[in-house]
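Asks: Just dropping this structure here.
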Amino acid sequence: MGNAVLEQVSKYSYLGHMITEDISTLKEIQIWIEKTSQRFWENKELLRRNVGFNTKKRILACYIFLVFNYGCETWSYPKTVQKKIQMFEMWRYRRPLNVLWTEEKTNKEIIQIADIGERLLQQLMKRKVRYAGHIMRGRSGLLLQLPLEGKIKGKRGQGKPRRN
102 MGNAVLEQVS
112 KYSYLGHMIT
122 EDISTLKEIQ
132 IWIEKTSQRF
142 WENKELLRRN
152 VGFNTKKRIL
162 ACYIFLVFNY
172 GCETWSYPKT
182 VQKKIQMFEM
192 WRYRRPLNVL
202 WTEEKTNKEI
212 IQIADIGERL
222 LQQLMKRKVR
232 YAGHIMRGRS
242 GLLLQLPLEG
252 KIKGKRGQGK
262 PRRN
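Numbered per this note's numbering, the sequence shown finishes at 265, counting up by one with no gaps.
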């Protein structure tokens with residue numbers, strides 16, 4: 102490094118996460134949706150008609166939603182992100198149930214048919230709360246507690262705080 106000048110970029114990938122200038126999680130969630138879509142189509146043979154739906158649900162939980170959960174503790178969940186996650190989850194359940202969009206079934210009907218206990222968004226938010234508790238207990242080190250306790254030196258940026 103020494104005297105080298107570092108280039109400032111608007112976004113970059115670090116440990117599988119997209120870091121952006123505006124700290125928006127919407128782009129990162131879109132990337133994870135694409136990754137899990139790829140994983141979904143790799144396992145489409147397991148989602149054929151001759152496999153029971155309970156087995157299909159387990160496959161979704163194991164191979165699709167588990168990949169999507171990676172790093173979810175650091176995401177923020179504004180309304181736009183919540184809707185995107187809910188749409189992603191419903192699409193993943195509609196496909197193995199062979200429910201077409203032309204049938205005009207609501208998400209509530211899909212949830213009843215699929216007998217979904219806990220929704221994906223609820224699971225993600227629970228993981229975030231558990232991670233915050235882990236940090237507050239001090240097992241991750243004091244440095245991670247500083248932002249949560251508001252002990253960071255300096256002033257916040259001018260203007261209205263961002264919601265994303």
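Think of the CB as a built atom: it goes at the ideal place given N, C-alpha and C, for glycine as much as any other residue.
(1) Just how far apart, CA to CA, sit Y171 and K256?
(2) Is the Cβ-Cβ distance between K229 and E190 less than 7 Å?
(3) Contact between the segment 176 to 193 and the segment 209 to 223: three or more CB pairs below 8 Å?
(4) Which same chain residues end up closer than 6 Å to Y194 when comparing Cβ atoms and leaving out the 5 residues on each side of it in sequence?
(5) Sort K145, N199, Q224 and L201 by Cα distance to L167 and report the nearest one.
(6) Roughly how many angstroms lie between the CA atoms of Y232 and F169, to the nearest whole one?
(7) Given a cut-off of 7 Å, decide if K206 and V200 are closer than it, judged by their beta-carbon atoms.
(8) Take R140 and list the residues in its own chain whose beta-carbon comes closer than 7 Å to its own, dropping the five residues that flank it on each side.
(9) Spatial neighbours of I132 within its chain, please: CB distance less than 7 Å, with the 5 preceding and 5 following residues excluded, ordered by chain position.
(10) Taking all protein chains shown into account, decide if V182 is buried (16 or more other Cβ within 10 angstroms of its Cβ) or exposed.
(11) With DSSP as the reference, label W176 as helix, strand or coil.
(12) According to DSSP, simplified to helix, strand and coil, what is S125?
Replies: By the coordinates alone:
(1) In the sequence shown, residue 171 corresponds to position 70, counting from 1. In the sequence shown, residue 256 corresponds to position 155, counting from 1. Each residue's Cα considered, the two are about 32 Å apart.
(2) For the purposes of this step, residue 229 is taken as the residue at position 128 of the sequence shown. For the purposes of this step, residue 190 is taken as the residue at position 89 of the sequence shown. Taking 7 Å as the Cβ cut-off, K229 and E190 do not qualify as a contacting pair.
(3) yes
(4) Here residue 194 refers to the residue found at position 93 of the sequence shown. Closer than 6 Å at the Cβ level, and outside the excluded window around Y194, lie I211 and A215.
(5) For the purposes of this step, residue 167 is taken as residue 66 along the sequence shown, with counting starting at 1. The shortest C-alpha separation from L167 is found at Q224.
(6) By one-based count along the sequence shown, residue 232 stands at place 131. By one-based count along the sequence shown, residue 169 stands at place 68. C-alpha separation (whole angstroms): 17 Å.
(7) Position 99 of the sequence shown holds residue 200. Position 105 of the sequence shown holds residue 206. Contact: yes.
(8) Here residue 140 corresponds to residue number 39 of the sequence shown, with the count starting at 1. Result list for R140: Y164, I165 and V168, in chain order.
(9) Against the sequence shown, residue 132 aligns to sequence position 31. Once the five neighbours on either side are set aside, the close Cβ partners of I132 are M119.
(10) For the purposes of this step, residue 182 is taken as the residue at position 81 of the sequence shown. When all chains shown are included, V182 counts as buried.
(11) The residue given as residue 176 occupies position 75 in the sequence shown. Coil.
(12) Locating residue 125 in the sequence shown gives position 24, counting from the first residue. S125: coil per DSSP, three-state reduction.
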